[in-house]
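Undergrad: In terms of my numbering, the sequence shown is residues 320 to 648. For every residue, glycine included, the Cβ atom is placed at its ideal position computed from N, Cα and C.
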Amino acid sequence: MAILVSGGAGYIGSHMVLELLDRNETVVVLDDLSTGFWSAVPPEVTFVKGDMGDQELVERVIAEHGISEIAHFAARIVVPDSVSDPLGYYLNNTVKTRALLESAVRGGVRHVIFSSTAAVYGEPAVSPVPEEIALDPINPYGRSKLMSEWMLADVARAHPLSYVALRYFNVAGADPKGRSGQSSPNATHLIKVASQAALGQRDGLDIFGTDYATPDGTCVRDYIHVTDLARAHLAALDHLRAGGANLTLNCGYGQGYSVKQVVDVVKKVSGVDFPVRLSPRRAGDPASLIAKADRIRAELGWKPEHDDLEQIVGQALAWEEKLRTRNAV
Ligand code: UD1
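1) Identify which residue in His430, Asn458, Glu421 and Ala444 has its Cα closest to the Cα of Ala438.
2) Quick one, are the C-beta atoms of Phe488 and Leu608 less than 8 Å apart?
3) Starting from Arg417, follow the alpha helix (DSSP H) in both directions and report where the run begins and ends.
4) Considering only their Cβ atoms, is the gap separating Gln501 from Tyr330 smaller than 8 Å?
5) Is Val512 near ligand 1, with its Cβ less than 7 Å from a heavy atom?
6) Check each candidate in His430, Ser403, Arg379 and Gly426 and name the one with the smallest Cα separation from Ala564.
7) Does DSSP put Ser403 in a helix, a strand or coil?
8) When burial is assigned at 16 or more other CB atoms within 10 Å of the CB, is Ser403 buried or exposed?
9) Only counting runs of 4 or more residues, tell me where the alpha helix (DSSP H) segments fall wholly within the region 533-604, in order along the chain.
10) When we look at the beta-carbon of Asp341 and count the other beta-carbons within 10 Å, is it buried (16 or more) or exposed?
11) Would you mind working out which of Arg601, Lys641, Ile631 and Ile615 sits nearest Val397, comparing C-alpha positions?
12) Rank Pro361, Ala328, Leu568 and His334 by C-alpha distance to the C-alpha of Leu349 and give the top, closest one.
13) Taking just the CA atoms, how far does Arg379 sit from Pro447?
14) Report buried or exposed for Asn412, applying the criterion of at least 16 other Cβ atoms within 10 angstroms of its Cβ.
15) If we call anything under 8 Å between Cβ atoms a contact, is Ala555 one with Ile381?
16) Cutting at 6 Å between CB atoms, please list the residues of its own chain near Ala491, excluding the five before and the five after it.
17) Hey, quick one: how far does the alpha helix (DSSP H) through Ala644 stretch, first residue to last?
18) Distance check for Val585 and Arg476, CA to CA, integer angstroms please.
19) Let me know if Pro456 comes out buried or exposed under the rule of 16 or more other beta-carbons within 10 Å of its beta-carbon.
20) Have a look at Pro605 and Ser577 and give me their C-alpha separation to the nearest angstrom.
21) Measuring alpha carbon to alpha carbon, tell me which of Ala617, Lys641 and Ser503 ends up nearest Leu352.
22) Following a CB-centred definition, is Phe527 positioned closer than 7 Å to any heavy atom of ligand 1?
23) Among Gly355, Val346, Arg550 and Ile386, which has the Cα closest to the Cα of Asn505?
24) In this structure, how does DSSP classify Glu378 when only helix, strand and coil are distinguished?
25) What number of angstroms, rounded off, separates the C-alpha of Gln345 from the C-alpha of Met320?
26) Within 10 angstroms of the Cβ of Asp547, are there 16 or more other Cβ atoms? Answer buried if so, exposed if not.
Structural data, given as structure tokens:
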């Protein structure tokens with residue numbers, strides 16, 4: 320029995336792999352390395368470089384390694400990119416998920432954990448946003464993931480496969496033991512960009528939009544530590560293995576921070592007053608996204624262990640520093 324982690328060389332997938340290995344699970348990583356890093360995959364893991372949409376490859380991997388579960392992370396995730404390249408997002412996130420699901424069904428995979436997103440909510444009329452609200456994504460990224468949620472639900476009705484779809488809010492931070500983090504030099508995540516600015520790797524930071532209907536005019540997000548998120552996946556896996564029902568769950572803390580508040584925390588923790596420019600809005604951004612976060616606790620018994628923005632920022636900065644040292648060698 321082994322678990323296949325698509326996108327396991329990426330930011331969140333690599334943290335999931337570490338948590339699985341800490342539990343002595345047998346892991347196979349499938350990643351095309353388009354945004355992930357081979358160096359993020361621990362040596363004790365079987366690594367297959369390839370495309371999750373390549374059904375011949377995926378079906379061979381499932382058969383050869385006795386894959387019984389898939390944690391499906393591989394995706395494109397940048398909201399403004401999805402606005403400028405909708406077809407690329409529908410291909411990567413929707414069409415290839417369809418292919419992966421067909422391979423899973425053909426190969427007799429029992430359980431799927433799917434990386435969904437708070438972007439399926441669009442501009443929710445209530446905050447914090449509960450899972451059962453009507454879904455109305457406002458960008459192609461959110462729609463590409465919502466279509467995958469629908470496919471998964473239909474597949475689970477038609478075949479002996481169960482699933483948990485996890486709707487991530489804003490994932491941030493790095494492995495507390497320093498083994499992984501957000502490694503892409505071109506990442507667009509706010510905390511990553513602010514950390515790079517604090518370390519002098521960027522000439523400051525742009526705040527995208529200061530005229531939103533939020534307390535300080537900048538967008539509000541719910542930042543969840545990547546290790547807490549990875550552990551939510553483990554809890555989901557245990558739930559499915561125990562015969563639990565299909566679930567769709569928010570992954571957030573239920574606590575919102577504005578862009579300005581995040582920037583202030585990064586300045587405080589780093590001790591660096593880097594330049595900040597007040598810039599126009601970025602395409603596709605909703606004003607506020609905060610999770611109603613009780614269903615996951617009730618259903619999976621999951622509890623956050625790292626819900627402290629200063630700690631999240633401290634670990635993001637430490638990882639950035641580590642990358643800088645590594646790249647200098
Ligand atoms: C992130 C995820 C997305 C997920 C969403 C759920 C990434 C790349 N995107 O999107 O997959 O669906 O959370 O809530 O992980 N900002 C700035 N300046 C910057 C960078 C960002 O002002 O240099 C602002 C953005 O405009 C936004 C906020 O900070 O208001 C967060 O942006 P970002 O970290 O890119 O994440 P989301 O777009 O919220």
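TA: Let's see:
1) Asn458
2) yes
3) Lys415 to Arg425
4) yes
5) yes
6) His430
7) Residue state, collapsed to three classes: helix.
8) exposed
9) 545-560 and 578-589
10) exposed
11) Arg601
12) Ala328
13) 43 Å
14) buried
15) For Ala555 and Ile381, no; Cβs fall outside 8 Å.
16) Ile510, Tyr542 and Ile631
17) The sequence shown places Thr at residue 644, not Ala. It spans Leu628 to Ala647 - the alpha helix (DSSP H) in which Thr644 sits, taken as one unbroken run.
18) 45 Å
19) buried
20) 12 Å
21) Ser503
22) yes
23) Gly355
24) helix
25) Checking the displayed sequence, the identity of residue 345 turns out to be Thr instead of Gln. Approximately 7 Å between the Cα atoms of the pair.
26) The residue is buried, with at least 16 neighbouring Cβ atoms inside 10 Å.
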